[in-house]
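Chains A and B, in that order, are what the protein sequence lines are. In terms of the numbering used here, the numbers along the first sequence are unbroken and rise by one, the last being 69. In terms of the numbering used here, the numbers along the second sequence are unbroken and rise by one, the last being 1565. Even glycine gets a Cβ: it sits at the ideal position worked out from N, Cα and C.
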Amino acid sequence: MEQGKKEKTSALIKVIEGGPLEIKGNFILNDLKRDITETPAEVYLCRCGKSSEMPFCDGSHKKF
Amino acid sequence: MGTDNFQFTGARKYTNDEITVYWKPSACVHASYCYRELIEVFDPGRRPWVDMKGAPTAEIIRVVNLCPTEALTWKWNDEEKNKNVTPDQTNHINFKRPELATQSGTDEPENPVSVKIMPDGPVVISGNFIFEYSGNRKEFREGLLSLCRCGASHQMPFCDGHHRKIGFEDK
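Take a look at the structure:
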């Protein structure tokens, strides 16, 4: 991969083991089911399927 | 651009009187546009899963063009018509050739990364971004990434289509 591109990208997608998906930086969040488009600085998305605040993590994964 | 020599490995073909749809399973990220929009044609629970008699040609083309990868592409059976296809037909083989594995992400680094929450499905990320998983392993990625949101994937953290099998409902 070209070195230049690495420096220019401004979004981080991080899989937290046993937890949510952390996304921060320059991104557009588009929830097709709830018809939401926004540009937050940071989000934590549910990866366990149990959240009651979808698409966001509400800590429910800890109960399982 | 001619399409006479169009061929690639691992693809299946489905055809009606007017068009041919190509399906390349290895390119699918389970974004699920196809069966959400047109279950009559694209039914993952049926074999064969594509039924070209299920909808009019124009509707099939519309839905194939929604596929964010090169998993689904199409062409006119009349080669003359393929010469006049415009780029708004995003998944026509002139613009998205499966064998090239072109990415929908842009090279323009200033563009924000697209994070799409698919209804009752994965989160599809596209663009240029840093991807970090399995501890502290970080890699630069460009293109498309489909990550599990239902908790049932056998290929964590990636989506493998299991959300459909478990009937995942994102409430």
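8 Å contact criterion, which residue i and residue j should meet: CB distance rounded
i                      : j                      : result
residue 1527 (chain B) : residue 20 (chain A)   : 4 Å
residue 30 (chain A)   : residue 1543 (chain B) : Not quite, the Cβ-Cβ distance comes to about 20 Å (not below 8 Å), so this is no contact.
residue 1485 (chain B) : residue 1509 (chain B) : Not really, about 22 Å apart at Cβ, beyond 8 Å.
residue 1423 (chain B) : residue 1463 (chain B) : 6 Å
residue 1525 (chain B) : residue 1507 (chain B) : At roughly 10 Å, the Cβ-Cβ gap does not stay under 8 Å, so residue 1525 (chain B) and residue 1507 (chain B) are not in contact.
residue 1449 (chain B) : residue 1466 (chain B) : That pair is no contact at about 14 Å.
residue 18 (chain A)   : residue 28 (chain A)   : 6 Å
residue 34 (chain A)   : residue 45 (chain A)   : 6 Å
residue 1511 (chain B) : residue 60 (chain A)   : 5 Å
residue 1545 (chain B) : residue 39 (chain A)   : About 19 Å; that fails the 8 Å criterion.
residue 1454 (chain B) : residue 1446 (chain B) : 7 Å
DSSP three-state assignment for residue i, whether helix, strand or coil
i                      : result
residue 47 (chain A)   : strand
residue 58 (chain A)   : strand
residue 35 (chain A)   : strand
residue 27 (chain A)   : strand
residue 1536 (chain B) : strand
residue 1490 (chain B) : coil
residue 1551 (chain B) : coil
residue 20 (chain A)   : strand
residue 1476 (chain B) : helix
residue 1433 (chain B) : coil
residue 1559 (chain B) : helix
residue 1451 (chain B) : helix
residue 1423 (chain B) : coil
residue 1520 (chain B) : strand
residue 1406 (chain B) : strand
residue 68 (chain A)   : helix
residue 1531 (chain B) : strand
residue 1543 (chain B) : coil
Stretch-stretch touch, CB-based, cutoff 8 Å, three pairs: the segment 1471 to 1490 of chain B with the segment 1436 to 1448 of chain B: no
Name the residues in the segment 1533 to 1545 of chain B whose C-beta lies less than 9 Å from a C-beta of chain A; which are they? 1533, 1534, 1535, 1536, 1539, 1541, 1542, 1543, 1544, 1545
Which of the residues in the segment 30 to 47 of chain A, read from start to end, lie with their CB under 9 Å from any CB of chain B? 30, 31, 32, 33, 34, 35, 36, 37, 38, 39, 41, 44
Assess, as a yes-or-no matter, whether the segment 1460 to 1474 of chain B is touched by the segment 1414 to 1430 of chain B under the definition of 3 or more beta carbon pairs within less than 8 Å. yes
Quick one: any contact between the segment 1541 to 1558 of chain B and the segment 1507 to 1516 of chain B, if contact means 3 or more CB pairs under 8 Å? yes
Check distances from the C-beta atoms of the segment 1463 to 1474 of chain B to those of chain A and list, in chain order, the residues that come in under 7 Å. none
At a Cβ cut of 8 Å, what residues of the segment 1507 to 1525 of chain B count as close to chain A, listed as they run along the chain? 1507, 1508, 1509, 1510, 1511, 1512, 1513, 1514, 1517, 1519, 1521, 1522, 1523, 1524, 1525
Residues in the segment 1413 to 1431 of chain B having any Cβ partner in chain A nearer than 8 Å: none
Taking only beta carbons into account, state which residues of the segment 1550 to 1563 of chain B come closer than 7 Å to chain A, listed in chain order. 1551, 1562
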